[in-house]
Structure formats: structure tokens, C-alpha cells
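Let me begin by presenting the structure, written as C-alpha cells, before commenting on it.
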Amino acid sequence: MPSEPETHLFQVDLRGIIDILANHLYSTPTVFIRELLQNACDAIQMRRIECDPRHGGQITLEVIDGPESTLVCTDDGIGLTEEEVRLFLATVGRSSKRDELFHASDDFIGQFGIGLLSCFTVSEEITLITKSAQDSAAPACKWTARMDGTFQISTLAEDVSPGTRVYLRARAGFGPMFSKPEIEKLACHWGRLLPFDIRLGDSEKTARMTLPSHPLVAKRFDHDKAMAFGKEMFPDETPFFDAIPLHSDIGDISGVAFVLNRPSPQARAQKHRVYLKGMLLADENESILPEWAFFVRAVINARSLRPTAGREDFYDDEALDDARAALGQALKGYLVDLSRSNPSKLTNLIHLHWLSFKALAVEDDDFFRTVIDWLPFETTMGDLTLPAILANWGTEILYSGSGEEYRQIAEVSAAQRLCVINATYIYDRELLERAAVLTDHPVQPLHPGDVMHSFEELTEEERQRAFDFVKRADFHLQPFKCQAEMRKFQPADIPVFYASNEAAHFLRSAERAKEGAGDPMLGSMVDLLSQDAIRQAYACVCFNLNHPQVARLADLNDPSVLEAAVKMLYLQSLFLGKQPLGKREFELLNQGIARFLDWGLAISSNKPS
Numbered sequence: 228m229p230s231e232p233e234t235h236l237f238q239v240d241l242r243g244i245i246d247i248l249a250n251h252l253y254s255t256p257t258v259f260i261r262e263l264l265q266n267a268c269d270a271i272q273m274r275r276i277e278c279d280p281r282h283g284g285q286i287t288l289e290v291i292d293g294p295e296s297t298l299v300c301t302d303d304g305i306g307l308t309e310e311e312v313r314l315f316l317a318t319v320g321r322s323s324k325r326d327e328l329f330h331a332s333d334d335f336i337g338q339f340g341i342g343l344l345s346c347f348t349v350s351e352e353i354t355l356i357t358k359s360a361q362d363s364a365a366p367a368c369k370w371t372a373r374m375d376g377t378f379q380i381s382t383l384a385e386d387v388s389p390g391t392r393v394y395l396r397a398r399a400g401f402g403p404m405f406s407k408p409e410i411e412k413l414a415c416h417w418g419r420l421l422p423f424d425i426r427l428g429d430s431e432k433t434a435r436m437t438l439p440s441h442p443l444v445a446k447r448f449d450h451d452k453a454m455a456f457g458k459e460m461f462p463d464e465t466p467f468f469d470a471i472p473l474h475s476d477i478g479d480i481s482g483v484a485f486v487l488n489r490p491s492p493q494a495r496a497q498k499h500r501v502y503l504k505g506m507l508l509a510d511e512n513e514s515i516l517p518e519w520a521f522f523v524r525a526v527i528n529a530r531s532l533r534p535t536a537g538r539e540d541f542y543d544d545e546a547l548d549d550a551r552a553a554l555g556q557a558l559k560g561y562l563v564d565l566s567r568s569n570p571s572k573l574t575n576l577i578h579l580h581w582l583s584f585k586a587l588a589v590e591d592d593d594f595f596r597t598v599i600d601w602l603p604f605e606t607t608m609g610d611l612t613l614p615a616i617l618a619n620w621g622t623e624i625l626y627s628g629s630g631e632e633y634r635q636i637a638e639v640s641a642a643q644r645l646c647v648i649n650a651t652y653i654y655d656r657e658l659l660e661r662a663a664v665l666t667d668h669p670v671q672p673l674h675p676g677d678v679m680h681s682f683e684e685l686t687e688e689e690r691q692r693a694f695d696f697v698k699r700a701d702f703h704l705q706p707f708k709c710q711a712e713m714r715k716f717q718p719a720d721i722p723v724f725y726a727s728n729e730a731a732h733f734l735r736s737a738e739r740a741k742e743g744a745g746d747p748m749l750g751s752m753v754d755l756l757s758q759d760a761i762r763q764a765y766a767c768v769c770f771n772l773n774h775p776q777v778a779r780l781a782d783l784n785d786p787s788v789l790e791a792a793v794k795m796l797y798l799q800s801l802f803l804g805k806q807p808l809g810k811r812e813f814e815l816l817n818q819g820i821a822r823f824l825d826w827g828l829a830i831s832s833n834k835p836s
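Residue 228 is where the sequence shown starts when you use the numbering used here, and the numbers rise one by one after that.
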């Protein structure tokens with residue numbers, strides 16, 4: 228016999244809970260669809276466990292148009308008896324018996340009853356009609372809840388199929404969300420990968436919204452199907468370079484990582500789609516893969532990781548850390564396999580994502596050994612790998628880790644056919660220092676003074692010819708803490724080369740700081756800090772005998788012209804070496820320009836008119 232509706236009050240502050248759900252826990256009201264699908268999926272799973280393991284299960288969403296937009300969600304799950312309705316729905320959030328039932332298995336996404344409250348964020352009234360699949364003699368039951376905190380329970384006389392049907396009537400302002408296109412969009416967004424048949428329509432015409440099969444549940448990995456799956460999951464991306472299967476026993480994870488076919492910004496983590504037992508948790512997750520994995524976007528389904536209260540992310544706990552590490556190992560394994568089975572494909576991949584790979588190689592020794600010989604480095608002879616440098620440019624791998632020094636030597640080194648790596652970019656110096664330890668490659672840092680070893684020595688006759696010039700030049704350069712040398716080097720149009728060590732560079736910087744300091748005490752502190760640098764500083768101005776003007780200076784006997792020329796060439800060596808000028812050097816420049824102008828004017832005035 229049907230029973231009359233009984234009116235009750237929720238044993239919780241319903242409006243307070245709805246406010247928490249709408250304004251603090253959930254980032255969007257569209258989660259009501261997720262909660263409906265979640266409850267329906269758990270009901271079907273419970274029917275499989277309790278009644279029939281072969282039960283297929285189906286969920287149907289139907290939009291009823293009218294003055295008050297209504298959504299109906301129907302499932303053929305376990306259903307509820309009147310007693311269970313009172314247990315699960317009358318004491319939402321406070322039933323120890325419910326917790327006991329739903330913690331007994333890891334197969335459930337959520338908990339009956341609790342998710343229904345989220346529907347109040349979009350609906351004024353929730354009506355549930357349900358019949359138990361376990362107790363065929365139990366009558367169907369109707370439960371109706373309202374925003375005022377009341378609900379009614381009654382039994383029904385008419386016979387209905389086992390399962391549950393939920394009716395939601397849209398609140399004011401939420402009618403557009405209850406349209407058929409919007410419901411289809413939301414259902415696909417949240418539930419596309421759920422393991423049950425979810426359909427949209429009425430009893431006569433429905434359309435399936437879940438994928439009957441996809442790579443996250445397939446027994447064997449199909450590369451072509453995975454690539455098509457990636458295109459559907461990330462429609463805004465260009466076609467992916469490759470697809471990598473991902474698995475982890477920690478968290479019971481399956482997934483696919485899609486390799487981007489565009490350079491990946493190293494400083495920005497990629498956004499991944501993560502699911503919990505087939506239900507979307509987040510479509511912009513940045514924490515499921517290691518930070519260095521900026522060359523992939525992934526679709527991940529976890530069965531055992533713990534979701535946050537809002538079910539929009541996983542708890543940042545030890546299990547997530549371990550799962551992330553396991554997925555990182557899968558990515559490394561893919562690259563190792565590629566280096567053995569398809570080296571040309573790995574080369575193409577590295578050209579796309581070299582920065583990501585360098586970041587990983589710095590952290591991981593095994594990965595370093597796998598990719599170090601494939602990574603490109605900027606050198607004075609172009610972008611080259613370490614084996615290419617050894618094969619074509621000498622027996623040692625030379626690098627400069629200072630931008631200041633590399634700018635000094637780049638042009639001259641290239642002219643000498645000296646291959647030097649510019650190790651001033653992020654990760655490069657660390658990689659080369661690791662290469663010196665972890666590989667058999669001979670790796671050495673190179674300083675400007677070392678470049679001079681590649682210059683051609685003068686013949687005995689040339690040394691005698693240049694002896695007086697070098698001696699005088701050395702005298703004029705002493706106030707600038709430089710010594711003079713003469714060699715022959717390319718390119719011949721560079722008259723002079725400036726080389727200094729780190730102490731000399733520090734000393735020049737300290738002198739400029741002292742010049743700019745208005746406080747005498749600060750100047751004294753700079754003097755004190757510079758004492759060690761003064762003892763260790765080394766700078767050399769090497770004149771190029773291949774340059775025509777330098778060759779003429781070597782034969783010059785006019786002391787005043789030679790002094791002016793040496794000082795101007797010293798300034799030129801600083802300019803060519805990208806060295807900033809100090810106050811004294813600017814004064815020297817002004818004096819030199821004035822002196823040469825005076826000579827020019829004097830010559831001009833002595834010419835016959």
C-alpha cells in the first residue's frame with residue numbers, strides 16, 4: 228500500500244551547507260552533473276557487487292522542456308528501499324552505516340546522498356524515485372527535498388523498474404544550463420570516460436555520450452587509436468608528435484602522454500586531464516607529472532589516489548609523490564627505448580624539446596647518460612652535439628661558462644677554427660661539468676688567455692722586429708694592469724685581442740663601482756675587497772701582426788705616436804671584448820681623439836694651399 232508523504236527536517240543546516248558547496252568547495256555549479264553521474268555509477272557498481280556481476284548498467288539524461296526546465300537522470304543501479312532512503316538521504320553527511328558500506332570497496336567514486344546536495348546550487352527542488360534491485364518485495368519510494376530544509380518520504384503503489392530516477396527543477400537564472408545542448412556538453416565533459424553507457428534523450432531516441440573503448444582501458448596499446456584519442460581530448464593542440472602509454476601500480480593509474488609537436492615553454496607546466504575511476508577530476512591539472520615533463524600533455528585515470536574534498540584535484544600526499552615518480556620513470560623509459568630503436572626520431576624530438584631534456588638530464592644520471600650525446604649546444608662553430616665536436620673540431624670539448632669571457636673570445640675563436648661551447652645558457656654548464664664526471668668525454672673550461680695558445684707564434688725575425696714595440700707597449704699598459712704581447716691570428720682585420728682572468732674582471736668591476744660611489748667609506752670598502760684581486764689579476768693585450776696597421780706600428784720609431792696608438796688600441800681591445808669602460812678609460816678615449824684631431828689639423832694646415 229502506498230503511504231502518505233511525511234514531512235521532515237534535514238538534520239543539518241542545509242542552507243549553510245549549500246553556501247559552502249557553492250561558494251567555497253566547488254569552483255563551478257556545473258559539478259551537479261558530475262555528482263548525478265557519480266551517484267548513478269556507484270549505484271550500478273553496487274548492483275554488480277550485490278546482485279549480478281554481469282549487469283551492464285545504463286544511465287540516461289533527459290531534458291523536459293516547459294515553463295520550468297527539468298532534468299531527469301535515470302540509472303538501473305542497486306536502487307533503495309524506504310529504510311535506505313531514510314538512512315542515506317535523511318541524515319546526509321552523518322551516517323556511520325553509509326560510511327561502512329561505501330568504504331568496503333574501492334570501486335565507488337563517491338558516496339550516496341552527499342553528492343545530491345550539490346544539485347541545490349542549481350535547483351530549487353530535488354525529487355528522487357527509487358526501487359531496490361535487492362528486495363523485489365519492497366515498494367518504490369519517493370523522496371522530495373526543498374531549499375527550505377524540508378523533505379518528504381512516501382512509498383508508491385505503481386510498479387517501477389529497479390534503479391533510481393532523479394528530477395531537478397532549475398532555479399531562477401539556471402534555465403539555460405538545463406538545455407539539451409548544455410547538458411550534453413556537461414555530461415561529455417565530466418563523464419566521457421566513465422565505464423557505463425550514458426545516454427542523452429528520451430525512451431524512444433538516445434545518443435551515447437561515453438566512449439565504449441579508449442586507450443586508458445584497452446588491454447593492448449594501439450598507437451593510432453591513442454593518437455586519435457589525444458586529438459579528441461586536446462582539440463586545440465596541433466597534431467601530436469607521439470603517444471606514450473603510462474602505467475603505475477601506485478595509485479592504480481593508466482594513461483597516455485602525448486608528446487607536443489611544438490617547442491614547450493620550460494618555465495610553464497603543461498595542463499593535463501586527470502580522472503578518478505573514469506570521472507573527470509580536472510582538465511588543467513599540473514601536478515600529476517614531474518615538473519620537468521613540459522614536453523607532454525597527458526590524460527590520466529587513477530583508481531586509488533585520494534581526491535580533495537571538492538573532487539577537483541588529488542591530495543598532495545606521499546601516494547601522489549610516488550605515483551608522479553613512477554609516471555616520470557615511464558617517460559624516461561620511452562626516451563631510452565627511442566634512443567635504441569629509432570635514433571632519428573629521438574633527434575627530431577630533442578630538436579623540439581631540448582630545453583626540457585636538459586632540465587631532466589641535470590637531475591637524473593641515468594637519463595643524462597641516455598641523452599647527453601644527443602643534446603645540442605651553441606658553439607663558436609654553430610649548434611653541435613658533443614660527439615660532433617669531438618669528431619670534427621678537436622680532441623677536447625671546450626666551453627666558456629662566463630658570458631663576459633665568451634663575448635671576448637667568440638669571434639677570434641671561430642676564426643682560429645676553435646670550437647668553444649657557450650655554456651652561459653641555463654643547464655649547459657651543469658651538463659658539461661657532469662659530462663666530465665659521468666662520461667669519457669674530455670671536457671675543459673676555456674678562458675680568454677687560453678685562446679691565445681691557438682695563436683700563431685712569431686718567427687725569430689718577427690720577434691726581433693716587434694721587440695721594441697712590445698716593450699714600449701707593455702710600459703704604456705702597466706697603469707691599466709695589462710701586459711702586452713704580439714702574435715699572429717685570424718681574422719686579420721682584428722688588430723688586438725683582450726684577455727683577462729676572473730680576478731682582473733672583478734678588479735675592473737670594483738674600480739667602476741668605486742668611481743660611481745659618492746661615499747668615501749664605500750670607496751674604502753671597495754679598496755679592501757679588491758686587495759686579493761690586485762694580486763691575482765691578469766690581463767693581456769695581444770697585438771695581431773697580421774693586421775696592416777699593427778705591422779706598421781712595429782716599425783714605428785716616433786714615441787709619442789706609438790704611445791697614442793697603443794692606448795687607442797687598448798681601448799679598441801676593450802670594445803671588441805665587450806668590456807665596459809671606466810672613468811679613466813673614458814678620459815683616455817677623449818684625450819686620444821683630441822690628440823689625433825690635433826695631428827690631423829696640423830697636417831692639414833701645413834699643406835700648401
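Ideal Cβ positions, reconstructed from N, Cα and C, are used throughout, including at glycine.
Under the DSSP assignment, residue 781 falls in the alpha helix (DSSP H) whose first and last residues are 775–781.
Segment contact: the segment 631–641 against the segment 791–811, three or more CB-CB distances shorter than 8 Å; contact assigned. Distance check between residue 649 and each of 342, 290, 672 and 667 places 672 closest, using alpha-carbon atoms only.
For residue 580, the number of other beta carbons within 10 angstroms of its own is at least 16, and it is reported as buried. Runs of the beta strand (DSSP E) lying entirely within the segment 376–443 and spanning at least 3 residues, in chain order: 377–382, 390–397, 424–428 and 433–435.
The C-beta separation of residue 523 from residue 487 comes to about 7 Å, placing the pair in contact by the 8 Å criterion. Assigned with DSSP and collapsed to three states, residue 260 falls in helix. Under the 10 Å beta carbon count, residue 446 is surrounded by fewer than 16 other beta carbons and is classified as exposed.
Note on residue 829: under 16 other CB atoms within 10 angstroms of its CB, so exposed under the neighbour-count rule. At a Cβ-Cβ threshold of 8 Å, residue 395 and residue 350 count as neighbours.
Burial check for residue 786: the Cβ neighbour count within 10 Å stays below 16, so the residue is exposed. For residue 578, the uninterrupted alpha helix (DSSP H) run begins and ends at 570–590, by DSSP. Nearest Cα to residue 499 within the set 489, 643 and 521: 521.
Counting along the chain, residue 610 sits inside the beta strand (DSSP E) bounded by residues 609–611.
The Cβ neighbour count for residue 810, taken over all protein chains shown within 10 Å, is under 16; the residue is labelled exposed.
When secondary structure is reduced to three states using DSSP, residue 529 falls in the strand class. Excluding five sequence positions before and after residue 398, the CB atoms of its chain that fall closer than 7 Å to its own CB belong to 349, 350 and 351, given in chain order. With respect to the C-alpha of residue 713, the residue from 690, 727 and 707 having the closest C-alpha is 690. Distance from the CA atom of residue 476 to the CA atom of residue 550, rounded to whole angstroms, is 8 Å. Taken through DSSP and simplified to helix, strand or coil, residue 297 comes out as strand. When secondary structure is reduced to three states using DSSP, residue 503 falls in the strand class. Residue burial annotation: residue 253 is buried, with at least 16 other C-beta atoms found within 10 angstroms of its C-beta. A straight-line Cα-Cα distance of about 15 Å links residue 571 and residue 614. Scanning 343, 309, 281 and 316 for the CA closest to the CA of residue 256 turns up 343. Within the same chain, Cβ atoms closer than 7 Å to the Cβ of residue 448 are found at 442 and 472, the five residues on either side in sequence being excluded. Sixteen is the threshold: since fewer than 16 other Cβ atoms of the shown chains lie within 10 Å of the Cβ of residue 439, the residue is exposed. DSSP places residue 787 within a helical segment (H, G or I) once states are collapsed to three. Taking a cut-off of 8 Å for Cβ pairs, the segment 609–626 and the segment 583–593 do not touch, as fewer than three such pairs fall below it.
Across the set 297, 622, 370 and 815, the C-alpha of 370 shows the shortest separation from the C-alpha of residue 315. Straight through space, the alpha carbons of residue 642 and residue 716 are spaced by roughly 8 Å. In the structure shown, residue 514 falls within a coil segment according to DSSP collapsed to helix, strand and coil. Residue 652: not part of any beta strand (DSSP E); DSSP gives it neither H nor E. The beta carbons of residue 421 and residue 506 sit about 6 Å from each other, so the pair counts as a contact at 8 Å. Membership of residue 542 in any alpha helix (DSSP H) is not indicated, and neither H nor E is assigned to it by DSSP. For residue 697, the enclosing alpha helix (DSSP H) has its first and last residue at 687–704. Cβ neighbours of residue 454 within its own chain (closer than 7 Å, five residues either side excluded): 467 and 470.
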